[in-house]
Amino acid sequence: MRRFDWRWLAVSSGFVIRLMVAGLTLAVLAAQAETRPQYGGTLYVTMLVAPASLDPADNTQPDSFARRGLTQLMFEPLVTMDSNGRPHAALATSWQAASGNQRWQFRLRRGIKFHDDMPLTAEVAAASLRAANLTWNVFADADSIVIELNSADTGLLAELALPRNAIAKRNSDNKPIGTGPFHIVDWAPGKKLTLAAEESYWGGRPFLDSIEIGMGTSYRDQMMALELGKADLVEVAPEQVHRVSLEANRLASSAPLELLALLFAREVTSPDDKLLREALAMSVERSSIRSVLLQGAGLPAAGILPNWMSGYGFVFPTDADLPQARHVREQVRGIPKWTLRYDNGDPIARLLAERIALNGKDAGLSLQTTSAASADLQLVRVPLPADPWIALADVAARAGLPEAKSQGGSVEDLYAREHAELAEQRIIPLFHLPASYASAPTLKNWTLRPDGSWSLADAWLGSGKP
């Protein structure tokens, strides 16, 4: 009978144990590596909008969540605002307001340079803000800038935190240069933007080496690019959110920040016109449109501001009242034929417009949908800033109404201002929609800002394993 060599067993067992320990150690190290930020790599992003300009102050370019995110990759404001509405230092380290809140002074952070290696000066910062705000009196005072307003404005800090007020240096070729974490490498307007990490960025070099951003990409093509591994971060249309959430994609959505509304091209012209607009507002079946066309996304709205922002949005009724709509319509003799414009580039806009036209028809109104440039009213999307007073001011400007100014910031004042804007009957709110994005598992530590845009300054690329 063969004798068993226990010495071999001891040696071999020890070897196996050492292998197991080594394997476990490697697994732990690999897991730790996945949780630690890694430098390097190119992030691929796609978006629907196709901006022709990157200048933060260019008001010919429509506002969008994507444009907000783009701007904040390259440019920076004097201050930023957190999700609780508290200001934080950015390019300005401190600020103070004189009595009455009409004169503000901001002390600039020292040692900041633009991407062309030129220093940030008070003169350049003042010129940048003057370009974005033609009614402001802005001037340099040593290493500070002073802003003098025509009237008191306690909301100036929130206004300065907006991407459109980011500081840009404009050279003779009128191309803006920023101080942000990424600088421009290549720019094909409306098509593609390539950015590279700013090695000497004052806030610390980004983890990513570069970002490539494809523009003018449909929602369908964006999702296809994500599924094929050709994109790391894409936009998700509201009506696609439910489906995407059921798949393996990582989905992130902001608070409902985008106002979907009907906007009339002109002010109310007669008592009959006023009644017809009332009838249309009461005829829209927001609940069924949300369930069927928007696939449950967003929230029905009859107010301009979402409830989470104002706290009183629930007081505006959103339910359709077809009998009352018909009663109001019957008080008018002769029904005009309104044209309702929708954006042909929005994949669901035509369906929404057609459904609204059918709702109006049920109330005895006549609406003809069109994608032509001129119409009696149009279906619009308005990305709202996170500050309620600025949001009302932006909507008022879009509707051609007097500008809303902060009046102490009380909820009562805010409600009175919103009620006054709605009373003009230039706009019929329909829904508040979130900004939604899907990302590849390789993309780590990207975040959503309070304004619905993505933040990629601290993002990094990993292996994608959970």
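For what it's worth, full-length UniProt numbering labels the leading residue of the sequence shown as 1, then goes sequentially. Glycine included, every Cβ here is placed at the ideal spot set by N, Cα and C.
Worksheet item: Name the DSSP bridge partner or partners of Met81?
Response: Beta-bridge pairing links Met81 to Pro87.
Practice prompt. Could you pull the start and end residues of the beta strand (DSSP E) that Lys192 belongs to?
Written response: Looking at the DSSP string, the run of the beta strand (DSSP E) that includes Lys192 is 192-197.
Worksheet item: What three-state label does DSSP hand Ala423 in the structure shown?
Response: Note: Ala423 maps to helix in three-state DSSP.
Worksheet item: Terminal residues of the continuous beta strand (DSSP E) containing Tyr44?
Response: From DSSP, the beta strand (DSSP E) with Tyr44 extends over 42-46.
Worksheet item: Should Leu233 be flagged as near chain B, meaning a C-beta pair shorter than 9 Å?
Response: Given the protein chain composition of this structure (a single chain), no chain B is represented.
Worksheet item: Opposite Ala140 in the DSSP bridges: which residues?
Response: Ile145.
Worksheet entry | Distance CB(Thr80)-CB(Ala90) smaller than 9 Å | Taking 9 Å as the Cβ cut-off, Thr80 and Ala90 qualify as a contacting pair.
Worksheet item: Nearest-angstrom Cα distance between Gly111 and Pro119?
Response: Approximately 7 Å between the Cα atoms of the pair.
Discussion item. Among the candidates Arg381, Asp413, Ala375, whose CA atom is the shortest distance from the CA of Ser389?
Written reply: Looking at the sequence provided, one finds Trp at residue 389 rather than Ser. Nearest option by C-alpha distance: Asp413.
Discussion item. Any heavy atom of the ligand MN closer than 8 Å to the beta-carbon of Leu251?
Written reply: This structure does not include the ligand MN; it has no bound ligands of any sort.
Worksheet item: Along the chain, which unbroken stretches of the beta strand (DSSP E) at least 3 residues long are found entirely within the region 208-249?
Response: As far as the region 208-249 is concerned, its whole beta strand (DSSP E) runs of at least 3 residues are 210-214, 233-236.
Worksheet item: Looking at the structure shown, is Arg333 part of a helix, part of a strand, or coil, going by DSSP?
Response: DSSP places Arg333 in coil when its eight states are reduced to three.
Worksheet item: Using DSSP with H/G/I as helix, E/B as strand and the rest coil, what is Leu175?
Response: Reading off the sequence shown, one finds Lys at residue 175, where the question assumed Leu. Assignment of Lys175 by DSSP, reduced to helix, strand and coil, places it in the coil class.
Item to complete: Would you grab the beta carbon distance between Ala279 and Leu352 for me? Rounded to a whole angstrom, and I think it's under 8 Å.
Response: Not a contact, Cβ separation roughly 19 Å.
Worksheet entry | Residues bridged to Arg170 [DSSP beta-bridge criterion] | The secondary-structure analysis by DSSP pairs Arg170 across a beta bridge with Pro176.
Worksheet entry | Range covered by the alpha helix (DSSP H) that runs through Leu377 | Element bounds for Leu377: not the alpha helix (DSSP H) but the beta strand (DSSP E), 377-383.
Worksheet item: Buried or exposed: Ser172, going by 16 or more other Cβ atoms within 10 Å of its Cβ?
Response: The Cβ neighbour count for Ser172, taken over all protein chains shown within 10 Å, is under 16; the residue is labelled exposed.
Item to complete: Look up Arg290 in the DSSP assignment and say whether it is helix, strand or coil.
Response: Under the three-state reduction of DSSP output, Arg290 falls in the helix class.
Item to complete: Would you identify the three-state DSSP class for Trp202, choosing helix, strand or coil?
Response: In the structure shown, Trp202 sits in coil (DSSP, three-state: anything other than H, G, I, E or B).
Practice prompt. Out of Phe207, Asp82, Gln425, state which residue places its alpha-carbon closest to the alpha-carbon of Glu267.
Written response: Ranking the options by Cα distance to Glu267, first place goes to Gln425.
Fill in: Cβ-based burial, Ala440 [other Cβ within 10 Å; buried from 16]
Counting Cβ neighbours within 10 Å, Ala440 comes out buried, since at least 16 surround it.
Worksheet entry | Cβ-Cβ distance between Pro450 and Leu259 below 9 Å | The answer is no: Cβ separation not under 9 Å.
Practice prompt. May I have the straight-line CA-CA distance separating Tyr312 from Thr121, to the nearest angstrom?
Written response: Linking Tyr312 to Thr121 through their CA atoms gives a straight-line distance of about 43 Å.
Fill in: Straight-line Cα distance separating Ser83 from Pro51
If you take the alpha carbons of Pro51 and Ser83, they lie about 27 Å apart.
Fill in: Identity of the residues DSSP links to Ser453 by a beta bridge
None; Ser453 has no bridge partner.
Worksheet item: Taking just the CA atoms, how far does Gly452 sit from Thr46?
Response: Computed Cα separation, rounded: 16 Å.
Discussion item. Using CA atoms only, rank isn't needed, just tell me which of Glu76, Phe75, Glu159, Leu251 is closest to Trp104.
Written reply: Comparing Cα positions, the closest option is Glu159.
Discussion item. Checking 9 Å against the spacing of the C-beta atoms, do Gln222 and Leu443 come in under that value?
Written reply: Result no, Cβ atoms of Gln222 and Leu443 do not sit closer than 9 Å.
Worksheet entry | Backbone secondary structure at Gln324 - three-state DSSP | In the displayed model, Gln324 falls within a helix according to three-state DSSP.
Practice prompt. Compute the Euclidean distance between the alpha carbons of Leu461 and Leu195, then round it to the nearest angstrom.
Written response: Approximately 16 Å, taken between the alpha carbons.
Practice prompt. Check Ala435 in the structure and name its three-state DSSP category.
Written response: Three-state result, Ala435: coil.
Practice prompt. Excluding the 5 residues preceding and the 5 following Ala231 in the sequence, name in chain order all residues of the same chain whose CB lies nearer than 6 Å to its CB.
Written response: Result list for Ala231: Tyr44, Thr46, Ala225, in chain order.
Fill in: Integer Cβ distance of Ser283 from Asp362, believed to fall under 8 Å
That pair is a contact at about 6 Å.
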